[in-house]
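One structure is given below, encoded as structure tokens.
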Amino acid sequence: MGMIQTESAPTTAPAAMRGVTGPEAGAGQGPACAECGQQIVRRRRSARQNSALCLACDQKARRSAYFQRYYETHKDRILAKNRRWAKDNKHKLVLLRQARQARLPREAGQPRACIDCGTLVVRAQRCRRCYIRFRYATDQEYRARRLATTRRWLDRRQRLGPRLDTAAAPAGVAAN
Ligand SMILES: [Zn+2]
Ligand SMILES: [Zn+2]
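Take the sequence shown: its letter number 54 is residue 206 in this note's numbering, and every next letter is one higher.
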């Protein structure tokens, strides 16, 4: 704890701090993009490029900077034009708003963590493994059903031999 590990520093340093062609950047391991983390591969260098970013992120950053400058310069004209368009296209505005609202739940459905073990889950409170464990502990009927399934599986494996390998085991086996 608190020890400065100079040996491992290059791999743990933020992407932006890593050298462009350090000695550790051999064997196809170029520096990582500070924005997306992808390895930076450049064909030619240009003074306009931000060397901490990959080609795609650099282009994106310069494009958005350009539009920002353009907007600041022509703000009044752009806003007046938008207001005029909105007045002439009220029905389209409604459709656009509906489309945006339809997208919202999906954007809000970001990955969540299992409340028992922290594994990322999509919708459920618990990951599959913790859900099974939870049901085992709280639901007698579920427990009996799973145990019966497991017993059937074990019986069948005994009869058929090791041809049924562990990949086919019902999930409850691990919880026994
Ligand atoms: Zn990038
Ligand atoms: Zn879990």
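Note that CB positions come from ideal geometry on N, CA and C, so glycine has one too.
1. Taking the CB atoms as reference points, tell me whether Leu205 and Glu187 lie closer together than 9 Å.
2. I'd like to confirm something about Cys188: is its beta-carbon nearer than 8 Å to some heavy atom of ligand 1, or not?
3. What residues are listed by DSSP as bridge partners for Val193?
4. Asp228: beta carbon under 8 Å from a heavy atom of ligand 2?
5. In whole angstroms, what separates the C-alpha of Asn202 from that of Thr225?
6. For Arg308, which of helix, strand or coil comes out of DSSP?
7. On the three-state DSSP scale, how would you describe Arg264?
8. How big is the Cα-Cα spacing for Ala254 and Val274?
9. Quick check on the contact list: which residues have their beta carbon closer than 6 Å to a heavy atom of ligand 2?
10. Going by DSSP in three states, Tyr223 sits in which element: helix, strand or coil?
Taking the definition as stated:
1. yes
2. Relative to ligand 1, the nearest heavy atom lies less than 8 Å away from the CB of Cys188.
3. Val193 pairs with nothing; no bridge assigned.
4. no
5. 24 Å
6. helix
7. strand
8. 19 Å
9. Contact residues of ligand 2 (beta-carbon closer than 6 Å to any heavy atom; chain order) are Cys266, Asp268, Cys269, Thr271, Arg278, Cys279, Arg281 and Cys282.
10. helix
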